[in-house]
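**Student:** The following block contains the structure, expressed as structure tokens.
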Amino acid sequence: MRLDTFLRNTALISRKDIIHYLCEEGSIRVNGIPRRGLFDLSGGETIEFTLFNDQYQVRVLAFPTRKITLKDQWSYLEIIEKRKVHSEMEFFSDASPSQTKTPKSH
Numbered sequence: 002m003r004l005d006t007f008l009r010n011t012a013l014i015s016r017k018d019i020i021h022y023l024c025e026e027g028s029i030r031v032n033g034i035p036r037r038g039l040f041d042l043s044g045g046e047t048i049e050f051t052l053f054n055d056q057y058q059v060r061v062l063a064f065p066t067r068k069i070t071l072k073d074q075w076s077y078l079e080i081i082e083k084r085k086v087h088s089e090m091e092f093f094s095d096a097s098p099s100q101t102k103t104p105k106s107h
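Here it is, written out as structure tokens:
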């Protein structure tokens, strides 16, 4: 099954345009190697990707023949790791605001 079809049918990433964008950026890796959406999965592979502030690492268990519900998702994949990734914006928002000096009136 194609990588993009697997991600969409298992509801890991529901929008095809997001899958395409992440593949073009090299952000979706299969067994540690950046892959395009056309890559054929054979089963047992590890898929890694970052979506918004979450980084996922999942293992392919089986292939769905159609789109599935979230409760059926666990029959087709195993989430090895899911963790939060902090963006640069969060880093800068944590910094204390610089103190500006106000002119004193005489």
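Counting in the working numbering, the sequence shown runs from 2 upward without gaps. Every residue gets a Cβ at the ideal spot worked out from N, C-alpha and C, and that includes glycine. Since this is a predicted model, take the numbers as computed values, not measurements.
Quick check: what's the CA-CA separation for serine 76 versus glutamate 49?
**Tutor:** Roughly 18 Å between the two C-alpha positions.
**Student:** Taking leucine 78 as the reference, give the member of His87, Glu26 and Gln58 with the closest Cα.
**Tutor:** When only C-alpha atoms are compared, the closest one is Gln58.
**Student:** Measuring CA to CA, which of Asp55, Asp18, His87 and Thr66 is closest to isoleucine 80?
**Tutor:** Minimum Cα distance to isoleucine 80 is reached at Asp55.
**Student:** When you compare only the Cα positions, how much space is there between phenylalanine 40 and lysine 72?
**Tutor:** Roughly 26 Å between the two C-alpha positions.
**Student:** Which same chain residues end up closer than 7 Å to glycine 38 when comparing Cβ atoms and leaving out the 5 residues on each side of it in sequence?
**Tutor:** Cβ neighbours of glycine 38 beyond the five flanking positions: Arg3, Leu4, Asp5, Ile20, His21 and Cys24.
**Student:** In chain order, what residues of the same chain have a beta carbon less than 6 Å from the beta carbon of alanine 63, not counting five sequence neighbours either side?
**Tutor:** Counting only Cβ-Cβ distances below 6 Å, and skipping sequence neighbours, we find Tyr77.
**Student:** How many angstroms separate the CA atom of threonine 47 from the CA atom of arginine 30?
**Tutor:** In a straight line, the C-alpha of threonine 47 is about 8 Å away from that of arginine 30.
**Student:** Among residues of its own chain, excluding the 5 on either side of lysine 83, which ones have a beta-carbon nearer than 8 Å to its beta-carbon?
**Tutor:** Here the set comprises Asp55, Gln56, Tyr57 and Gln58.
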